[in-house]
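Taking this note's numbering, I'd label the letters of the sequence shown as residues 205 to 429. Accompanying notes for the structure given below.
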Amino acid sequence: MSKILIVDDEPDIVELIKRYALREGFEVSCAEDGQQAIEICMREDFDIIIMDVMMPDTDGFTASRRIREKKDIPVLMLSARGSEYDKLFGFESGVDDYVTKPFSPKELMARIKVIIRRHSSAAPKKEGRLTCGGIELDTLGHEVFIDGEKTELTAKEYGILLYLMRNRGIVLSRDKILSEVWGYDYFGDDRTVDWQIKLLRSKLGKYRDFIHTIRGAGYKLEAEN
Numbered sequence: 205m206s207k208i209l210i211v212d213d214e215p216d217i218v219e220l221i222k223r224y225a226l227r228e229g230f231e232v233s234c235a236e237d238g239q240q241a242i243e244i245c246m247r248e249d250f251d252i253i254i255m256d257v258m259m260p261d262t263d264g265f266t267a268s269r270r271i272r273e274k275k276d277i278p279v280l281m282l283s284a285r286g287s288e289y290d291k292l293f294g295f296e297s298g299v300d301d302y303v304t305k306p307f308s309p310k311e312l313m314a315r316i317k318v319i320i321r322r323h324s325s326a327a328p329k330k331e332g333r334l335t336c337g338g339i340e341l342d343t344l345g346h347e348v349f350i351d352g353e354k355t356e357l358t359a360k361e362y363g364i365l366l367y368l369m370r371n372r373g374i375v376l377s378r379d380k381i382l383s384e385v386w387g388y389d390y391f392g393d394d395r396t397v398d399w400q401i402k403l404l405r406s407k408l409g410k411y412r413d414f415i416h417t418i419r420g421a422g423y424k425l426e427a428e429n
């Protein structure tokens, strides 16, 4: 039985998610704020955390970061703020998904199941290292190097880069990237891929233009001549 932790200072939201989660057979724990969530996670393990952004004491991003310093638990962030900046900040912080309020409880359950399934089966293929120019990706160590220097990527940034490198020179649509990296037919704004590509490019430095935008088609990774 999968264990989930719901973190929100709105009792009605907590109760709604809890009711649907119990129907789906999840074991559910709850916290009222980020600090309480941190303390609970230091004592227990969970398969996923559903975390609100705006909470008293410790906000969701801070709590998520402190938890993931100690434990590898995927986080689905909830927020009433759905601007591009807010979503970019969330993905840059390393959250696995970002859902704006109000939300569909059934859709939320679907996202939770997929995140848990993909996180539990995320062992990389034993292919060693992939390279493209000065970009080197170690699939066994789950690490990325730019001109020999290790570069820190979030889980989604790593997943996108891995998919692009495995399909070097091939145009990949946003739908294909969503299906491969997120693991489901995305319910929301497909610009999620564009936001993540933007963040990934910023970390590739002088190799940022190796990720080519193919207008009306998607993206492909290819070293410049």
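All residues carry an ideal CB built from backbone N, CA and C; glycine is no exception. Note that the structure is predicted; figures quoted are calculated from it, not measured.
Quick check: what's the CA-CA separation for residue i versus residue j?
i	j	result
G238	G373	43 Å
R272	S297	11 Å
Q240	G337	46 Å
S377	R395	12 Å
Y423	K317	27 Å
R247	K275	11 Å
K330	I217	Since pLDDT at K330 reaches only 49, below the 50 mark, its modelled position is unreliable, and no value is offered.
E154	L312	Outside the modelled stretch of the chain, which goes from 205 to 429, sits residue 154, for which no answer is possible.
K402	Y362	13 Å
E228	G352	46 Å
P328	I210	Any reading at P328 must be qualified, since the residue scores a pLDDT of 48, below 50, and its modelled position is unreliable; the value itself is stated next. Taking the straight line from one Cα to the other gives about 29 Å.
L368	I320	23 Å
N429	A421	Low per-residue confidence applies at N429: pLDDT is 49, beneath 50, and the placement is therefore not dependable, though the value from the model is reported in the following sentence. Their Cα atoms are separated by approximately 22 Å.
S283	D249	24 Å
D398	P278	21 Å
V375	G409	22 Å
D301	M255	10 Å
T266	M259	10 Å
R412	H346	20 Å
K380	I244	37 Å
P306	G332	43 Å
My guess is that residue i and residue j are in contact by the Cβ rule of under 8 Å, so how many angstroms apart are they, rounded?
i	j	result
R285	V257	7 Å
P309	I221	7 Å
V385	K360	6 Å
D213	E236	6 Å
Q400	F295	6 Å
F414	I339	7 Å
Is the distance from the Cβ of residue i to the Cβ of residue j below 8 Å?
i	j	result
I364	L404	yes
L280	R315	yes
S268	V299	yes
T355	V348	yes
I450	R270	The chain is shown from 205 up to 429; residue 450 falls before or after that span and cannot be answered.
Between which two residues does the alpha helix (DSSP H) carrying residue i extend?
i	result
T396	395 to 407
E361	359 to 370
M313	309 to 324
D249	Looking at the DSSP string, D249 is not in any alpha helix (DSSP H), and its letter there is neither H nor E.
F265	264 to 272
R378	378 to 381
Below 7 Å, is the gap between the Cβ of residue i and the nearest heavy atom of the ligand FMN?
i	result
I253	Annotation note on the ligand FMN: not contained in the displayed structure, which lists no ligands.
Kindly indicate the opening and closing residues of the beta strand (DSSP E) around residue i.
i	result
G420	Per DSSP, G420 belongs to no beta strand (DSSP E) and is neither H nor E.
S283	279 to 283
K354	353 to 355
I350	347 to 350
Y302	301 to 304
- beta strand (DSSP E) runs wholly inside the region 212 to 237, at least 3 long, in chain order: 231 to 235
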